[in-house]
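Position 183, counted from 1, in the sequence shown is what this note's numbering calls 183; the numbers after and before it change by one each time, with no gaps.
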Amino acid sequence: MLEWIKLFPPYLIFLTVVFVIIPSFASFLIRLSIYKYLNDLANKVIRLLRSGESRGIQPKIVEELEKRYKESITQLEQVNTAALIDGVYSQEKFRFFGFSLRCEQWDHFCKILPNLLLAFGLLGTFLGITLNLYNLSQTINGIENDVSSLVQQLQTPLQSMGIAFITSLIALVCSSFLIVINLRCNTNLAKVRLISSLEDYLDNIFKSKVQGDSRLDKAVNRMVEQQHEFLTRFHEKVGQVLESTLGRAADKIAEENKISNALAREVYERFLESSGTLARSANTFQEAASFLDKQVESIADIVPHFQKSCQTLENSALVFLEASEKIEKSKFSENLETITADLAKTQKAFSQSTAFLGNNMHKLIDNNQKATKLAEKVYNQLQESSAKLQNSATSFLEASETIKQSQFADKLSAATTDLATMQNQFAQAASTLNQSTQSIEIVITNLQNSVQRMVDLGDRISGLNQQSAKIIDLTETRLTNEKDSLNHIQVELNNLIKILKENEQNTNLELQKLGDRFIANTDKQLGNNSKQIQILADKFARYISELIETKSNLTNLVNTLKENTKQTESNFQFWGERITTVIERETKRSNEQSRELFYQLAQYIHKNSEVPSKFNKLEELKRDRLDSSGFNGKTNHKNS
């Protein structure tokens, strides 16, 4: 050990003691004092956090922080506690052998010194090695053969290398010692403990004691009062505007819906009445056709009797011819009695046949007259039904004109304009509210959405009016088409009646001519009677075929009338039900939408009515907190 000391020159020992040992010892003492000082501060602050313990004498850093915190909390809305603590801690000082040193600065010095000692030791080692290697190379090159002189000359560089390694070893030992001390006395942990306890104290305990009415609190209080007054006035004005505008519009919409429902019901009832008249006319026409069928059947029953009478006439004519031949062949005087008897018999049979034919002719004429009367009745009933249809069409047109003249669309457009003006008023109110608070903007946007919904409702109602106008136009066109078809049927019936009258006149004329000819030429042309009767039978058969054809035409016409009446009834029922369903659905939809809108407006008004109560509750809570904070501050002051 003494030999090592002898190797050191005095100046190197002085430098090692001054620049290595003394700074290392001073760093150890400073580190230890900083660690103790920070722990003492942290313990004192932790004692403030405990409610049961007394406050006692507080360090200077706590008083400075309380002072700075009071000043900043009255001027700022939110205090940056971490920045405030860092700023005050950077100015904190501790006492070391009568000197006041800054904690942050000397703590940093104690952290850097071990690394600095290692750097100096390595620098001296490498510098000594390089210099000694240069000297060794010169000594080896200068000595040629003498080994003893070589050893003597090598001792000096080796001693200098030993000195370099010893100084480096001393620096390494001192730096290792300081690193161990830094690990043992960790000032970073003590600093973090102190700062966290200070933040806890300032934010959770001291803030409740010093918190009062700041500028923000005063502004908030003024704002709360203004909002309270504004909301009360806004609530009253909104209620008045809604009652004055939406109430009238809703009443108008309800009245117009009632009018449209009544008109639709009247149209449907008129449709039902017209369909009933058509059904009754079809039934009467069917009865007339059935009666005509019966008359045709009766005529068909008369024809075989007429044919039998014709055959009896033919037989009598043959008998008369045979009698004449016998008169020519036999003696007249002998056979006169028999001939007169036979002639009397034939005359009786002929008179009976003529009487039967006359009776049948009267019946046929009566039947034809009855058929014409029935056809005229059918024609009159069809005219009455067509007149009723025309009246129903005119009533429907009048109903459509009343719907058009009711100015439902104009009233709805006026309601939409009122709603648009109301929307502009709400937009102006929204601009004023946007200047005050953002929360009122949300309320006004909701109100604007509701107004837009009302405008959409007005557009939908106008669309419904257009649809109803289109449906009315379609029904008018349908009625005109049905009217044209009924007019066409009426024309056909008139033609048919004319044909029947002409046939009746022709038959009457032919029958009259036939009777005249038969009465005038019975005595002269008994031989030609059979041919004329055959021609007459053919004409009757032709007339019967024509009557059968007219019957088939009438049945077809009856069937077409039934189909047309059924189709018109189904069309009337379909369109009437469709109109009623569409009107009822749209009225229900409009009523539901209006109810939803009124419900939303009521909710909105209810929400706005609750806002002042909420602001009052906030004011009461704030006052309670202020009272509680003042009470806690007084109790803490009494405890200290």
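Every residue, glycine too, gets a C-beta built ideally from N, C-alpha and C. Just so we're clear, the structure is a prediction, and the values are computed from it rather than from any experiment.
In chain order, K93 place their CB closer than 6 Å to the CB of R102, counting only its own chain and leaving out the 5 sequence neighbours on each side.
For the 9 Å CB-CB criterion, F19 and F177 do not form a contact.
Around the beta-carbon of V62, 16 or more other beta-carbon atoms lie within 10 Å, marking it buried.
When secondary structure is reduced to three states using DSSP, F97 falls in the coil class, being assigned neither helix nor strand. Cα atoms of K209 and V224: separation of roughly 24 Å, rounded to the nearest angstrom. For K191, the number of other beta carbons within 10 angstroms of its own is at least 16, and it is reported as buried. Look at R280 here: in three-state DSSP terms it is helix. Here F206 is buried, its C-beta having at least 16 other C-beta atoms within 10 Å. With respect to the 9 Å criterion, G98 and T167 are not classified as neighbours on the basis of their beta carbons. Y69 places its beta carbon less than 9 Å from that of L202. Taking every protein chain shown into account, the CB of V491 has fewer than 16 other CB atoms within 10 angstroms, so this residue is exposed. Inter-residue distance for R280 and T480 is about 21 Å (C-alpha atoms, whole angstroms). Put simply, the backbone Cα of L49 is about 25 Å away from that of S33. W106 and L41 have their C-alpha atoms some 17 Å from each other. In terms of Cβ geometry, Y11 and C185 do not form a close pair [threshold 9 Å]. The alpha-carbon separation between F96 and R193 amounts to approximately 22 Å. Rounded to the nearest angstrom, the gap between the Cα atoms of C174 and S24 is 6 Å. For R102, the pairing in a beta bridge is given by DSSP as K93.
The beta-carbon separation of L118 and L172, rounded to 7 Å, stays under the 8 Å limit for a contact. Here the alpha carbons of Q226 and E243 stand approximately 26 Å from one another.
Taking P59 as reference, the option from T125, S72, S197 and V45 with the minimal CA-CA separation is V45. DSSP places F28 inside the alpha helix (DSSP H), whose first and last residues are I22 to L49. When the Cα atoms are used, Y134 and F165 turn out to be separated by approximately 17 Å. Annotated three-state conformation of P59 is coil, per DSSP. In the three-state reduction of the DSSP assignment, V79 falls in the coil class, being assigned neither a helical nor a strand state. With respect to the 9 Å criterion, I170 and R31 are not classified as neighbours on the basis of their beta carbons.
Here the C-alpha atom of V17 lies approximately 16 Å from the C-alpha atom of P114. For L194, the uninterrupted alpha helix (DSSP H) run begins and ends at T187 to D200, by DSSP.
One alpha carbon belongs to S197, the other to I112, and they sit about 27 Å apart. Nearest in C-alpha terms to R265, of all of G239, E584 and T130, is E584.
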